[in-house]
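K.L.:
For the sequence shown, the working numbering begins at 13 and goes up steadily by one.
We put the beta carbon where it would ideally sit given N, CA and C, even for glycine.
No experiment lies behind these values; they were computed from the predicted model shown.
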Amino acid sequence: MASEKRRSMAAIETIDFEDEELDQFGAAQIQHLPQTQLLDGYACIQCSRCQDACPAYETGKELSPSALEINKRYFINDNISAIANGESIDKALTDWMLTEEAAWSCTTCGYCVEVCPVGNEPLIDILRARQNLVMMESNFPQDAVETFEKMENYGNPWGLSPQDRENWMDGLDVPLMREKKNTEVLYWAGCSGAYDSRGREISQSVAKILNEAKVDYACLGNEETCTGDRQEELEMNTFFKPWQNRIKKPLNNITSKKKLLNVHIVLQH
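See the structure below:
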């Protein structure tokens, strides 16, 4: 049963949307979980380190990674014959493993996986449950819908003017790619680096360092757009994949040997 090779921390496979045989995205019932995830319920030693480390639990949310694993163990014990015979069990994961509210309260920080002494990965169960909610049931929080509408209309999750992306550069003599086209280093500030007060300070400090070091660099400025990491975080793959093309568009018209990023997710595009 444990033959499936584990990948990096809390990583789940990329969905091939061209595969016409795929009829289930994520996990709706226990039979949709990988075998390694079933064994996690029995590997759990109930030390509660994952629960103590979970920011959602610590702030009073319903989520408990430890309870998720123990719930899995109890459910398998109660349905062991059906599971062993490969029978389908119709009871939804959100009816017994974790609630929908708990699934959405996860910040996907991965700390529960990092601190587990036996290598359990409750985050994978949460992500698969989210995938099913979003991609099979079109069920996700209303505030997420509002955020994605702002990303679509304004290119950032806060609905701020895309023409204000360059405001953080005021007084810093930051070169722009629309003026240079070719550069040694492309500096991508990202939404937080352009709009958030703390993020702007970071972007300004980086620009000052690059200027002082006389690095050949440039920024996209107002041509930047949101990287869509919030969509990927919520397992909204059907929205995130098309967003990649939106990010690639300004990058296709420039030449740079290196990229300096405030936003790690740009590396995936």
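Here's the rule I'm using: 16 or more other beta-carbon atoms within 10 Å means buried, otherwise exposed. How should Gln49 be labelled?
P.N.:
Sequence index remark: in the sequence shown, residue 49 carries index 37 (1-based). Gln49 comes out buried.
K.L.:
Where does Val125 fall in DSSP's three states?
P.N.:
Reading the sequence shown from its first residue, position 113 is the one you call residue 125. It is helical.
K.L.:
What would DSSP say about Thr267, mapped onto helix, strand or coil?
P.N.:
Translated into positions along the sequence shown, residue 267 becomes position 255. Strand, per DSSP.
K.L.:
With DSSP run on the structure shown, which of helix, strand or coil describes Glu25?
P.N.:
For the purposes of this step, residue 25 is taken as the residue at position 13 of the sequence shown. Of the three classes helix, strand and coil, the one that applies to Glu25 here is coil, per DSSP.
K.L.:
Where Leu272 and Leu198 are concerned, what is the direct C-alpha to C-alpha distance, given to the nearest angstrom?
P.N.:
If you number the sequence shown from 1, residue 272 lands on position 260. If you number the sequence shown from 1, residue 198 lands on position 186. Rounded to whole angstroms, Leu272 to Leu198 spans 6 Å at the Cα level.
K.L.:
Could you please give me the residues that DSSP links to Val197 through a beta bridge?
P.N.:
As a first step, residue 197 is located in the sequence shown; it is residue number 185 there, counting from the start. Bridge partners of Val197: Tyr229, Lys270.
K.L.:
Among the residues of its own chain, which have a CB less than 8 Å from the CB of Ile101, if the five just before and after it don't count?
P.N.:
Numbered from its first residue, the sequence shown carries residue 101 at position 89. If we look at Ile101 and ignore the five residues flanking it on each side, its Cβ neighbours are Gln41, Ile42, Gln43, Asn91, Ala94, Ile95.
K.L.:
Using C-beta distances below 7 Å, list every residue in its chain close to Glu74, excluding the 5 sequence neighbours before and after it, in chain order.
P.N.:
Locating residue 74 in the sequence shown gives position 62, counting from the first residue. Taken in chain order, the residues that qualify are Thr111, Glu113, Ala114, Ser117.
K.L.:
Determine contact between the segment 45-61 and the segment 70-88, defined as no fewer than three beta-carbon pairs at a distance below 8 Å.
P.N.:
Touching, yes, given that three or more Cβ pairs across the two stretches are closer than 8 Å.
K.L.:
Could you have a look at Leu188 and say whether DSSP puts it in helix, strand or coil?
P.N.:
If you number the sequence shown from 1, residue 188 lands on position 176. Residue state, collapsed to three classes: strand.
K.L.:
Determine, using beta carbons only, whether Ala3 and Asn144 come nearer to each other than 8 Å.
P.N.:
The question about residue 3 has no answer here: the residues shown for the chain are numbered 13 through 281.
K.L.:
Are there any heavy atoms of the ligand PLP lying less than 7 Å away from the beta-carbon of Met163, as far as the coordinates show?
P.N.:
With respect to small molecules bound, the structure shown includes none, and the ligand PLP cannot be examined in it.
K.L.:
Roughly how many angstroms separate the alpha carbons of Ser215 and Asn89, rounded to a whole number?
P.N.:
As a first step, residue 215 must be located in the sequence shown, where it is residue number 203. As a first step, residue 89 must be located in the sequence shown, where it is residue number 77. Taking the straight line from one Cα to the other gives about 53 Å.
K.L.:
For Asp28, count neighbouring C-beta atoms within 10 Å of its own C-beta (all shown protein chains included) and say buried if the count is 16 or more, exposed if not.
P.N.:
One-based indexing of the sequence shown puts residue 28 at position 16. Classification for Asp28: exposed.
K.L.:
Taking all protein chains shown into account, decide if Ile57 is buried (16 or more other Cβ within 10 angstroms of its Cβ) or exposed.
P.N.:
Taking the first residue of the sequence shown as position 1, residue 57 is located at position 45. It counts as exposed.
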